[in-house]
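Chemist: Sharing a structure with you now.
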Amino acid sequence: MEQYYSIEEVAKMLKVAYLTVYRWIRAGKIKSVKAGRQYRITQSELDKFLNSK
Numbered sequence: 221m222e223q224y225y226s227i228e229e230v231a232k233m234l235k236v237a238y239l240t241v242y243r244w245i246r247a248g249k250i251k252s253v254k255a256g257r258q259y260r261i262t263q264s265e266l267d268k269f270l271n272s273k
């Protein structure tokens, strides 16, 4: 099963601000799944984003 991360978790991993990750999602740089009011980012999408940098 795929691992899902919150915006807060991704921000901590990448050492950036919460708003930075949120802006990347809104800009389409990171694909995410919206569960209720929260965004979740899969490990595979995070890997794609990191490999594209």
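Going by this note's numbering, 264 is the number at position 44 of the sequence shown; the sequence numbering is gapless. Using N, Cα and C, we set each Cβ at its ideal position, and we do this for glycine too.
Would a C-beta distance cut-off of 8 Å place residue 230 and residue 266 closer than the cut-off?
Modeler: Yes, Cβ-Cβ distance for residue 230 and residue 266 is below 8 Å.
Chemist: Can you tell me whether residue 225 is buried or exposed? The criterion is at least 16 other CB atoms within 10 Å of its CB, across all chains shown.
Modeler: The residue is buried, with at least 16 neighbouring Cβ atoms inside 10 Å.
Chemist: Round the Cβ separation of residue 250 and residue 269 to the nearest angstrom and send it over; I've been treating them as touching at under 8 Å.
Modeler: Confirmed, Cβ separation roughly 5 Å.
Chemist: Counting C-beta neighbours from all protein chains within 10 Å, is the total for residue 259 16 or more, i.e. buried, or is it exposed?
Modeler: Buried is the call here.
Chemist: Thinking just about the alpha-carbon of each residue, which of 227, 223 and 262 is nearest to the one in residue 243?
Modeler: Taking only the C-alpha atoms, the option nearest residue 243 is 227.
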